[in-house]
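Just below is one structure, and these are the notes that go with it.
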Amino acid sequence: MTSPSDNTRAALQIDRITMREIRLELREPFRISSGLMSARRIALLELFDASGARTWSECVAFQLPIYSSETIDTAWLAIREWLAPRILGRRFESPEEVHAVLEESVRGHNMAKAALEMGCWGLAAVLRATPLATLLGGTRDRVPTGISLGIQPEPVLLVQRAQAAVAAGYRKIKVKIQPGQDVEYVRAVRVALGDTVDIMADANSAYTLRDIEHLAQLDEFDLIMLEQPLGDDDLVRHATLQRRMTTPICLDESITSVDRAEDMIALRSGRIINIKPGRVGGLSASKTIHDVAARAGMPVWCGGMLESGIGRAYNVALASLPNFSLPGDLSPSARYWARDLVSPEWTMDLDGMVRVPVNRPGLGVAVDEDLIEALAVRREDLRPARVVVAAS
95 MTSPSDNTRA ALQIDRITMR EIRLELREPF RISSGLMSAR RIALLELFDA SGARTWSECV
155 AFQLPIYSSE TIDTAWLAIR EWLAPRILGR RFESPEEVHA VLEESVRGHN MAKAALEMGC
215 WGLAAVLRAT PLATLLGGTR DRVPTGISLG IQPEPVLLVQ RAQAAVAAGY RKIKVKIQPG
275 QDVEYVRAVR VALGDTVDIM ADANSAYTLR DIEHLAQLDE FDLIMLEQPL GDDDLVRHAT
335 LQRRMTTPIC LDESITSVDR AEDMIALRSG RIINIKPGRV GGLSASKTIH DVAARAGMPV
395 WCGGMLESGI GRAYNVALAS LPNFSLPGDL SPSARYWARD LVSPEWTMDL DGMVRVPVNR
455 PGLGVAVDED LIEALAVRRE DLRPARVVVA AS
């Protein structure tokens with residue numbers, strides 16, 4: 095990232111955006127109830143301000159519509175055709191103005207919108223020579239970290255991974271579950287780790303209300319939460335399940351906007367919210383959901399989407415806000431990647447904490463542009479009123 099000569103300037107005027115797609119291999123395959131992932135196709139955006147400042151952002155959409163209806167390809171199209179033209183060449187006094195411009199008359203495409211909107215926040219932090227976390231209103235210089243463990247073939251293999259995670263210092267153990275690989279797997283982990291370790295289960299919408307009595311068996315294990323057991327767009331049935339269970343239900347996929355968060359609270363569909371900025375359309379919506387939940391006395395935490403270190407920078411900054419009171423899915427770079435896209439790579443200390451880079455402006459990490467160029471398989475340069483396509 096580079097800074098302009100006038101670091102006091104607050105306004106944004108983006109005159110160019112370069113989109114790149116890279117392929118980044120995971121250290122090991124990661125399985126959830128909706129599919130297996132062994133590599134990430136990642137869309138990266140490089141945003142250039144008219145002043146000469148620039149920064150990077152990341153679109154978190156997956157290759158296939160297994161988490162939401164968006165994919166990297168739909169997001170690429172939405173950014174190029176409908177969203178980027180709205181902000182290119184336009185002056186914004188604050189990054190908080192960007193969300194409304196991207197929302198107007200364009201339904202959905204939250205991850206595409208978030209890639210642009212979050213990039214504007216990152217660029218504003220560069221322009222103001224301030225850390226992104228500070229610009230967002232963060233209050234901490236370290237944030238607690240949990241780990242997400244994919245579905246394993248046998249309970250004993252899950253237990254081994256959970257024990258290793260506790261030994262490494264992780265503050266929360268998230269266990270992915272699906273029908274047929276749930277109660278006995280969670281029981282094995284609880285027995286192995288004892289009563290003092292915070293454990294949660296995440297179903298990624300793998301169940302229906304027909305499973306209500308089966309899911310209620312999870313109450314036995316004193317989980318800190320059960321994440322998104324029912325439909326990805328459901329609020330009403332989750333409220334029914336929450337009345338049956340003592341385990342707090344956490345909603346993830348169901349919370350796609352501030353309105354949905356408010357509806358969840360009103361319907362009592364759960365007791366915890368997982369905020370993923372890509373899922374809700376960016377950092378402005380994430381901040382508002384954080385505030386809405388805080389007023390309701392509801393804790394939130396920051397989820398992950400197998401981001402590179404660029405996307406992780408935005409999540410870490412967001413997680414420094416005060417109501418992010420539960421450990422987030424903010425695993426260090428080495429958890430997923432042989433080599434990350436940033437320097438220094440994200441690390442976790444022995445207390446299970448990730449340091450928020452509050453002493454460096456912008457994202458707080460340097461982007462390895464040479465590595466990105468080496469990994470790029472697609473590129474487009476977007477400017478006001480025209481698009482220049484470069485073959486890989």
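Basically the numbering used here = 1-based index in the sequence shown + 94. Just so you know, even glycine gets a beta-carbon here, dropped at the ideal spot from N, CA and C.
Under 8 Å between C-beta atoms of residue i and residue j
i, j, result
"residue 343", "residue 373", "no"
"residue 180", "residue 195", "yes"
"residue 145", "residue 221", "yes"
"residue 74", "residue 404", "Because the chain is modelled from 95 through 486, residue 74 falls outside the range shown and cannot be assessed."
"residue 456", "residue 424", "no"
"residue 438", "residue 239", "no"
"residue 149", "residue 231", "no"
"residue 462", "residue 436", "yes"
"residue 280", "residue 291", "no"
"residue 414", "residue 227", "yes"
"residue 169", "residue 210", "no"
"residue 237", "residue 448", "yes"
"residue 275", "residue 297", "no"
"residue 319", "residue 359", "no"
"residue 434", "residue 402", "yes"
Where the beta strand (DSSP E) through residue i begins and ends
i, result
"residue 370", "Neither: residue 370 is in no beta strand (DSSP E) and is coded neither H nor E."
"residue 470", "470-477"
"residue 448", "447-449"
"residue 240", "240-243"
"residue 150", "148-153"
"residue 320", "319-321"
"residue 293", "293-296"
"residue 394", "394-396"
Beta carbon proximity, residue i to chain C, threshold 8 Å
i, result
"residue 185", "Given the protein chain composition of this structure (a single chain), no chain C is represented."
C-alpha gap between residue i and residue j, whole angstroms
i, j, result
"residue 113", "residue 475", "6 Å"
"residue 313", "residue 326", "22 Å"
"residue 310", "residue 203", "34 Å"
"residue 109", "residue 264", "42 Å"
"residue 140", "residue 303", "44 Å"
"residue 225", "residue 459", "10 Å"
"residue 341", "residue 119", "36 Å"
"residue 122", "residue 258", "16 Å"
"residue 479", "residue 473", "18 Å"
"residue 214", "residue 305", "43 Å"
"residue 188", "residue 229", "11 Å"
"residue 482", "residue 105", "Since pLDDT at residue 482 reaches only 45, below the 50 mark, its modelled position is unreliable, and the value read off the structure follows with that caveat. Cα-Cα distance, rounded: 26 Å."
"residue 330", "residue 386", "19 Å"
"residue 300", "residue 247", "17 Å"
"residue 288", "residue 241", "17 Å"
"residue 163", "residue 126", "16 Å"
"residue 206", "residue 375", "8 Å"
"residue 154", "residue 377", "13 Å"
Exposure label - residue i; buried when at least 16 CB within 10 Å
i, result
"residue 446", "buried"
"residue 284", "buried"
"residue 347", "buried"
"residue 88", "The displayed coordinates of the chain run from 95 to 486. Any statement about residue 88 would go beyond what the structure contains."
"residue 273", "exposed"
"residue 453", "exposed"
"residue 134", "buried"
"residue 429", "buried"
"residue 87", "There is simply no residue 87 to check, as the chain begins at 95 and stops at 486 in what is shown."
"residue 367", "buried"
"residue 426", "buried"
"residue 261", "exposed"
"residue 336", "buried"
"residue 308", "exposed"
"residue 115", "buried"
Beta-bridge partners of residue i, as assigned by DSSP
i, result
"residue 273", "According to DSSP, which records beta bridges pairwise, residue 273 is partnered with nothing at all."
"residue 254", "According to DSSP, residue 254 bridges with nothing at all."
"residue 431", "120"
"residue 225", "456"
"residue 165", "In the DSSP output, where bridge partners are listed per residue, residue 165 has none listed."
"residue 125", "130"
"residue 437", "460"
"residue 112", "140 and 475"
"residue 185", "107"
"residue 349", "Partner(s): none; residue 349 has no beta bridge."
"residue 200", "Note: residue 200 sits in no beta bridge, so no partner."
"residue 267", "241 and 293"
"residue 213", "Its beta-bridge partners do not exist; DSSP assigns none."
"residue 231", "According to DSSP, which records beta bridges pairwise, residue 231 is partnered with nothing at all."
Boundaries (first-last residue) of the alpha helix (DSSP H) holding residue i
i, result
"residue 385", "377-389"
"residue 357", "352-361"
"residue 307", "306-310"
"residue 345", "Not the alpha helix (DSSP H): residue 345 falls in the beta strand (DSSP E), residues 343-345."
"residue 192", "192-197"
"residue 409", "403-413"
"residue 336", "330-338"
Heavy atom of the ligand GTP within 7 Å of residue i beta-carbon
i, result
"residue 125", "Ligands in the displayed structure: none, and consequently the ligand GTP is not present."
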